[in-house]
Amino acid sequence: MKNSKRAFCFIITSMLTLSFLLLPALAPTGAEAQDPGADVYAKKCKTCHADDGTGATKAGQMLKTPDLNTAEWKKGKSAAEVEKTLREGLGKMKAFEGKMSDGDLKAVSEYVVAKFAK
Ligand code: HEC
Numbered sequence: 006m007k008n009s010k011r012a013f014c015f016i017i018t019s020m021l022t023l024s025f026l027l028l029p030a031l032a033p034t035g036a037e038a039q040d041p042g043a044d045v046y047a048k049k050c051k052t053c054h055a056d057d058g059t060g061a062t063k064a065g066q067m068l069k070t071p072d073l074n075t076a077e078w079k080k081g082k083s084a085a086e087v088e089k090t091l092r093e094g095l096g097k098m099k100a101f102e103g104k105m106s107d108g109d110l111k112a113v114s115e116y117v118v119a120k121f122a123k
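This is the structure:
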């Protein structure tokens, strides 16, 4: 009886230890690292819009890049609208149609809406 109790404790402890060891390996390592939209943003948008969407970069300030964190911009923006704007271009922002794949355009549009238009 005493032995089986000990064995039971041992099994529980090992299972707990194992799950603590395994959990970090199974958990996603930050959503951004796996988001293809984040990659595209970093490569094609960040120079003007900055990491945080404020447009506070040299190029961004020169072109008067709008802050994508403002309530005004966020209002009802959908990924489809952003994708359309990106395809056609807007003011100083040149059209991205043909400059990147359809998949990248879609991914980056979804990314900016998810990240800034919350
Ligand atoms: C050369 C600098 C530059 C780059 C690169 C750039 N933008 Fe822009 N972006 C601007 C400027 C300037 C505006 C403001 C245009 C206007 O209102 O006349 C703007 C506007 C926007 C807007 C707001 C549009 C709206 O509905 O008012 C979004 C969203 C946006 N950019 C997303 C992106 C994304 C995503 C990328 C990368 C694929 C990108 N931009 C790359 C300069 C840039």
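Numbering (this note's numbering), first residue to last: 6 to 123. No residue lacks a Cβ here, since even glycine has one placed at the ideal position from N, Cα and C. Note that the structure is a prediction, hence the values are computed from the model and not measured.
At least 3 beta-carbon pairs within less than 8 Å: the region 41-54 vs the region 109-117: These segments touch.
Close-in-space but distant-in-sequence residues of the same chain around F15 (CB under 8 Å, 5 per side omitted): As a first step, residue 15 must be located in the sequence shown, where it is residue number 10. Correct list: empty, nothing qualifies.
Residue closest to Q39, alpha-carbon to alpha-carbon, out of Y116, A122, F121: The count along the sequence shown starts at 1 and reaches residue 39 at position 34. When each option's Cα is compared against that of Q39, the closest is Y116.
Start and end residues, alpha helix (DSSP H) containing A112: By 1-based counting over the sequence shown, the position of residue 112 is 107. 107-121 is the span of the alpha helix (DSSP H), which, as asked, contains A112.
K82 CB to nearest heavy atom of ligand 1 below 8 Å: Residue mapping note: residue 82 aligns to position 77 of the sequence shown, counting from 1. Result yes, Cβ under 8 Å from ligand 1.
Residue of A122, D57, C53 minimising C-alpha distance to T70: Here residue 70 corresponds to residue number 65 of the sequence shown, with the count starting at 1. Looking at the Cα atoms, C53 is the closest of the given residues.
heavy atom of ligand 1 below 8 Å from E86 C-beta: As a working note, residue 86 is residue 81 in the sequence shown. Flag set: Cβ of E86 near ligand 1.
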